[in-house]
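This report refers to the structure that appears directly beneath it.
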Amino acid sequence: MIIIDTNVLLAFLLTNGITRRIITGIPDVFTSPEYCFEELWEHRDRWNRNKLHDDELLEIISDVKRLFVMSVSPEIYNPYIPEAEKLTDDKDDAPIIALALAVYNEGIWTYNTKHFRQELFGERISVLSTKDVIKLYPLKD
Numbered sequence: 060m061i062i063i064d065t066n067v068l069l070a071f072l073l074t075n076g077i078t079r080r081i082i083t084g085i086p087d088v089f090t091s092p093e094y095c096f097e098e099l100w101e102h103r104d105r106w107n108r109n110k111l112h113d114d115e116l117l118e119i120i121s122d123v124k125r126l127f128v129m130s131v132s133p134e135i136y137n138p139y140i141p142e143a144e145k146l147t148d149d150k151d152d153a154p155i156i157a158l159a160l161a162v163y164n165e166g167i168w169t170y171n172t173k174h175f176r177q178e179l180f181g182e183r184i185s186v187l188s189t190k191d192v193i194k195l196y197p198l199k200d
């Protein structure tokens with residue numbers, strides 16, 4: 060299982076590139092805290108370039124959760140939030156780190172290495188780049 064950050068979810072939604080190819084090509088591997096989906100929704104005015112109606116956006120996000128990225132309930136990771144907050148300067152990233160502390164995983168896939176610093180996580184949590192994800196799960200042509 061690989062935990063994905065909100066910025067990876069956003070890349071999946073906005074571009075038909077490598078991020079979407081990886082996530083759609085490797086079923087049952089990716090998960091994210093429910094918080095990331097809430098964050099996407101909260102900031103939809105900033106990223107919804109096509110100005111889709113809210114009901115269309117809700118359907119798209121629901122499809123992502125149903126088909127590609129398992130959403131994890133806060134009850135699973137909330138007990139780890141205090142510890143996670145000590146491992147980041149950005150409190151918005153605490154749910155992602157908390158989920159990594161709460162469940163077995165291969166790491167956090169993020170494009171934000173400023174807030175997800177391997178040296179703070181030690182051996183407990185791996186920070187994954189796109190190349191790392193592809194090494195773990197090679198793409199099929």
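Quick note, the sequence shown lines up with residues 60 to 200 if you use the working numbering.
Where a beta carbon is used, it is the ideal one built from N, C-alpha and C, also for glycine.
For Asp113, the number of other beta carbons within 10 angstroms of its own is below 16, and it is reported as exposed.
Counting along the chain, the unbroken beta strand (DSSP E) around Ile63 starts and ends at Ile61 to Ile63. Going by C-alpha positions, Ile63 is about 6 Å away from Ile167. Phe127: not part of any alpha helix (DSSP H); DSSP gives it neither H nor E.
Excluding five sequence positions before and after Val192, the CB atoms of its chain that fall closer than 7 Å to its own CB belong to Ile61, Ile81 and Trp168, given in chain order. Here Asp87 is exposed: its Cβ has fewer than 16 other Cβ atoms, across all protein chains shown, within 10 Å. DSSP places Leu146 outside both helix and strand once states are collapsed to three, so it counts as coil. When DSSP reads this structure, Trp168 sits in a beta bridge with Ile63 and Leu187.
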